[in-house]
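These protein sequence lines map, in sequence, to chains C and B.
The opening residue of the first sequence carries number 185 in my numbering; numbering runs sequentially from there.
The opening residue of the second sequence carries number 130 in my numbering; numbering runs sequentially from there.
Ideal Cβ positions, reconstructed from N, Cα and C, are used throughout, including at glycine.
These figures come from a predicted structure and were not determined experimentally.
Shown next, in structure tokens, is the structure this report addresses.
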Amino acid sequence: MSALELANKLKAKFGELIAEPMEFRGEISLKISDSAQIHEVCNFAKRQLGLDYLVDITSVDNYGEDPRFTIIYHLRSVAANIELRLKTDVSEEKSEIASVISIWRTANWHEREIYDMMGVRFSGHPDLRRILMWEGYPYFPLRKDFPLAGKPTDLPNVAFTKPAPLEGGPFVTVAEKADSTAREPRVRNPEE
Amino acid sequence: MPTHTDFAYDSKIEGDVVVTRVDAALNWFRKNSVWPMPMGLACCAIELMAAGASRFDISRFGSEVMRFSPRQSDCMIVAGTVTYKMAASLKRIYDQMAEPKWVIAMGACASTGGMYRSYAVVQGVDTIVPVDIYICGCPPRPEAVLDALMKLQNKISTEPVLKDLNIFTKADRGTVKS
């Protein structure tokens with residue numbers, strides 16, 4: 185049993201919903217065209233295909249494109265030593281996807297982190313609170329339109345934030361330059 | 130000729146006399162038992178633990194009594210990255226410490242935010258509490274912590290303790306000094 189065979193089984197079950205498996209450096213990714221079906225696909229992947237371990241859930245902000253967000257599920261079968269990746273898009277207007285806690289309980293904190301950092305809500309989550317920032321923080325800091333230095337906020341007796349002084353930064357190191365003076369962290373414009 | 134006085138001093142029993150000023154004596158007591166409040170928040174805390182362990186031995190300077198209660202400690206050593214989420218707790222712990230109290234900002238993060246030019250990190254703990262000594266380094270070596278402690282001792286020994294203190298003299302007895 186290989187990851188590709190698992191991917192083809194998944195595709196045989198759901199047909200048009202799942203695009204052709206993409207292989208990159210021996211890792212298989214599957215794109216699910218309708219994010220509303222994610223719970224059914226994940227349920228099948230765990231109960232029938234033995235992908236019993238949810239390694240992580242991550243999110244991507246494709247800023248300026250539509251749909252804006254991509255949610256990525258990293259699945260693993262511990263017994264068969266196979267990894268499979270599921271991707272699905274969520275539009276900014278919807279910003280909501282079904283929770284998979286009823287399938288893998290470990291999804292609880294992964295989904296809370298994505299809600300905290302990216303602002304995508306998970307319907308059916310029993311405890312959808314922020315996990316790193318505090319309740320009442322008004323922004324989603326890993327979105328592309330959020331500045332690296334941050335924005336000023338104030339929640340009395342809880343927390344406040346101020347923009348960090350970047351001094352023209354962020355400072356970037358260039359790996360391939362010959363001498364250490366050229367490699368060291370400097371303010372570098374992307375055009376250079 | 131009086132045969133006795135109200136105050137007797139027997140040098141055979143009590144030892145020799147050292148003459149000093151009251152505030153110098155108080156400062157000497159204070160600076161040789163600075164009890165730290167180890168506010169360990171990141172990797173600097175590991176170096177702070179090393180400073181407290183046998184190889185570097187912070188007890189040579191009277192600071193081996195690490196107190197995890199703010200009510201029993203004199204000097205808060207902020208060792209590590211202070212996030213905005215932690216800032217309120219840190220301020221609250223500092224406010225609970227009894228006077229006199231001092232703060233050492235240990236390492237780049239506590240002093241300036243360090244490499245974290247970020248939405249989540251306080252850019253220097255001196256924005257929320259008054260800092261007496263800054264230690265550079267990322268993280269600083271335990272020797273640097275001990276050096277900061279000695280500098281803090283020098284600072285304590287020059288503080289005018291009695292300036293704001295009300296001293297009752299014999300003539301003041303029975304009156305209320307404001």
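Exposed unless 16 or more other CB atoms sit within 10 angstroms - verdict on Gly242/B
Counting from one through the second sequence, the residue named residue 242/B turns up at place 113. Under a 10 Å Cβ-count criterion, Gly242/B is classified as buried, with 16 or more other Cβ atoms of the shown protein chains found around its own Cβ.
Kindly say whether Tyr263/B, judged by its beta-carbon, lies nearer than 8 angstroms to any beta-carbon of chain C.
As a working mapping, residue 263/B is identified with position 134 in the second sequence. Not an interface residue.
Whose C-alpha, out of Thr254/C, Gln232/C, Val358/C, is nearest the C-alpha of Thr242/C?
Here residue 242/C refers to the residue found at position 58 of the first sequence. Nearest C-alpha to Thr242/C: Thr254/C.
Would DSSP call Val244/C helix, strand or coil?
The count along the first sequence starts at 1 and reaches residue 244/C at position 60. Three-state DSSP puts Val244/C in a strand.
Tell me the rounded alpha-carbon separation between Thr349/B and Tyr263/B.
For residue 349/B there is no data in the structure shown, the boundaries of chain B being 130 and 307.
Output yes if chain C places a C-beta closer than 8 angstroms to the C-beta of Ala242/B; else output no.
Your numbering for residue 242/B matches position 113 in the second sequence. Checking the sequence shown, residue 242/B turns out to be Gly, not Ala. Gly242/B belongs to the set of residues whose beta carbon lies under 8 angstroms from a beta carbon in chain C.
What is the DSSP secondary structure of Thr256/B, counted as helix, strand or coil?
In the second sequence, the residue the question calls residue 256/B occupies position 127. Correct three-state label for Thr256/B: helix.
In three-state terms, what does DSSP make of Met382/B?
The displayed coordinates of chain B run from 130 to 307. Any statement about residue 382/B would go beyond what the structure contains.
Measuring only the C-alpha atoms, how far is Val284/C from Ser307/C?
Here residue 284/C refers to the residue found at position 100 of the first sequence. Here residue 307/C refers to the residue found at position 123 of the first sequence. Inter-residue distance for Val284/C and Ser307/C is about 9 angstroms (C-alpha atoms, whole angstroms).
So the candidates are Phe330/C, Pro325/C, Leu316/C, Lys278/C; which of them puts its Cα closest to the Cα of Arg305/C?
Reading the first sequence from its first residue, position 121 is the one you call residue 305/C. Looking from the CA of Arg305/C, the closest CA among Phe330/C, Pro325/C, Leu316/C, Lys278/C belongs to Lys278/C.
Coarse secondary structure for Ile264/B, derived from DSSP in three states
One-based indexing of the second sequence puts residue 264/B at position 135. Ile264/B falls in the strand class under three-state DSSP.
Assess, as a yes-or-no matter, whether the region 247 to 254 of chain B is touched by the region 203 to 219 of chain B under the definition of 3 or more beta carbon pairs within less than 8 angstroms.
Counting C-beta pairs closer than 8 angstroms gives three or more between the region 203 to 219 of chain B and the region 247 to 254 of chain B, which meets the contact rule.
Against chain B, does Pro325/C count as a neighbour if the rule is that its beta carbon must be under 8 angstroms from one of theirs?
Translated into positions along the first sequence, residue 325/C becomes position 141. Yes, contact with chain B.
Helix, strand or coil at Asp311/C according to DSSP, with G and I counted as helix:
Against the first sequence, residue 311/C aligns to sequence position 127. Assigned with DSSP and collapsed to three states, Asp311/C falls in coil, not helix or strand.
Would the region 248 to 263 of chain C and the region 223 to 236 of chain C be scored as touching if the rule is three or more Cβ pairs under 8 angstroms?
Under the Cβ criterion (8 angstroms, minimum of three pairs), the region 248 to 263 of chain C counts as touching the region 223 to 236 of chain C.
Tell me, please, whether the CB atom of Leu312/C is closer than 8 angstroms to any CB atom in chain B?
Position 128 of the first sequence holds residue 312/C. No, no contact with chain B.
Ordered list of alpha helix (DSSP H) runs contained in the region 209 to 253 of chain C, each at least 4 residues:
Correct list: 222 to 231.
Quick one, which of Arg289/C, Ile287/C, Ser286/C, Gly248/C has its alpha-carbon nearest Ser275/C's?
The residue given as residue 275/C occupies position 91 in the first sequence. Ser275/C has its Cα closest to that of Gly248/C, out of Arg289/C, Ile287/C, Ser286/C, Gly248/C.
Taking a contact to mean a Cβ-Cβ separation below 8 angstroms, would you say Ser219/C touches Ile281/C in this structure?
Numbered from 1 along the first sequence, position 35 holds the residue referred to as residue 219/C. Numbered from 1 along the first sequence, position 97 holds the residue referred to as residue 281/C. Going by C-beta atoms, Ser219/C is nearer than 8 angstroms to Ile281/C.
Return the bridge partner residues of Arg260/C from the DSSP annotation.
In the first sequence, residue 260/C corresponds to position 76, counting from 1. For Arg260/C, which the question treats as bridged, DSSP gives the partners Tyr237/C, Glu267/C.
With a threshold of 8 angstroms between beta carbons, is Ala359/C in contact with chain B?
Translated into the one-based positions of the first sequence, residue 359/C becomes position 175. Chain B, which has no Cβ nearer than 8 angstroms to the Cβ of Ala359/C, makes this no.
Test: Val262/C CB closer than 8 angstroms to a CB of chain B
Sequence index remark: in the first sequence, residue 262/C carries index 78 (1-based). False, the Cβ-Cβ gap to chain B never drops below 8 angstroms.
Cα-Cα separation, Leu190/C to Pro336/C:
Here residue 190/C refers to the residue found at position 6 when the first sequence is read from its first residue. Here residue 336/C refers to the residue found at position 152 when the first sequence is read from its first residue. Pairing Leu190/C with Pro336/C, the inter-Cα distance amounts to about 48 angstroms.
Our contact map puts Ala179/B next to Pro259/B with C-beta atoms below 8 angstroms; I'd like the distance itself, whole angstroms only.
Position 50 of the second sequence, counting from 1, holds the residue named residue 179/B. Position 130 of the second sequence, counting from 1, holds the residue named residue 259/B. Wrong, their Cβ atoms sit about 27 angstroms apart, outside the cutoff.
Phe344/C touches chain B at which residues, Cβ-Cβ below 8 angstroms?
The residue given as residue 344/C occupies position 160 in the first sequence. Going along chain B in sequence order, the residues near Phe344/C (Cβ under 8 angstroms) are Tyr213, Ala216.
State buried or exposed for Leu291/B, treating a residue as buried only when at least 16 other CB atoms are found within 10 Å of its CB.
Mapped onto the second sequence, residue 291/B falls at position 162. Result: exposed.
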